[in-house]
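Numbering (UniProt numbering), first residue to last: 1 to 159. Each remark here refers to the structure printed beneath this line.
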């Protein structure tokens with residue numbers, strides 16, 4: 001029983017929750033986008049192993065056009081800069097999924113362009129940013145979703 005409890009305790013340390021994302025479009029912005037905290041981003045992230053530089057991410061958000069999307073991605077920690085700083089990248093799919101809540105994700109912008117070309121409304125996301133971990137349990141990150149969307153987000157870890 002004690003070994004099982006220890007294994008469960010080790011497993012939880014692989015997880016983190018990302019919340020409180022604030023975004024701003026840096027180009028062609030005339031107030032037409034869903035911005036600030038209105039994107040309602042939330043995700044769960046799981047590292048491949050305790051010492052892995054890779055994580056899987058599953059979440060949901062509203063895209064720039066206020067359509068609910070699923071977010072699926074892989075995170076890579078490119079460099080641990082010391083004293084709590086990490087340079088990271090997230091490479092993902094943000095788009096339609098099997099559930100009705102995500103069916104409108106491909107109705108506008110690049111999501112619609114991909115839907116017209118492939119039949120699936122989505123947009124590939126490439127994000128690079130710096131995360132500062134104040135403690136083992138709490139960090140704040142800031143970065144850019146290519147080509148020009150500024151992001152600030154909060155990460156809660158179970159280390």
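In this text, a Cβ means the ideal position worked out from N, Cα and C, and glycines have one as well.
Nearest CA to the CA of residue i: which residue from the options?
i: residue 158; options: 88, 139, 85; result: 139
i: residue 104; options: 146, 47, 50, 63; result: 63
i: residue 27; options: 147, 156, 118; result: 147
i: residue 15; options: 51, 132, 38, 39; result: 51
i: residue 69; options: 41, 48, 25; result: 41
i: residue 75; options: 49, 45, 65; result: 45
i: residue 73; options: 55, 81, 150, 154; result: 55
On the criterion of 16 or more Cβ atoms from any shown chain inside 10 Å, does residue i qualify as buried, or is it exposed?
i: residue 142; result: exposed
i: residue 98; result: exposed
i: residue 123; result: buried
i: residue 21; result: buried
i: residue 37; result: exposed
i: residue 164; result: Examination of residue 164 is not possible in this model, given that the chain is present from 1 through 159 alone.
Between residue i and the ligand SAH, is the CB less than 7 Å from at least one heavy atom?
i: residue 39; result: Summarising the ligand content, the structure contains no ligands, and the ligand SAH is consequently not present.
In chain order, what residues of the same chain lie with their CB nearer than 8 Å to the CB of residue i, ignoring the 5 residues before and after it?
i: residue 71; result: 41, 43, 57, 58, 59, 60, 61, 92, 93, 94, 125
i: residue 134; result: 84, 140
i: residue 112; result: 106, 121
i: residue 66; result: 34, 38
Where does residue i sit, in a helix, a strand or coil, going by DSSP?
i: residue 119; result: coil
i: residue 2; result: Note that residue 2 scores 49 on pLDDT, short of 50, meaning its location in the model is unreliable; the coordinates nonetheless yield the value given after this. Reduced to three states, the DSSP call for residue 2 is helix.
i: residue 112; result: helix
i: residue 148; result: coil
i: residue 101; result: helix
Which same chain residues end up closer than 7 Å to residue i when comparing Cβ atoms and leaving out the 5 residues on each side of it in sequence?
i: residue 87; result: 78, 79, 81, 130
i: residue 132; result: 84, 85, 139, 140
If you drop the 5 nearest sequence neighbours on each side, which residues of the same chain put their C-beta closer than 6 Å to that of residue i?
i: residue 24; result: 35, 150
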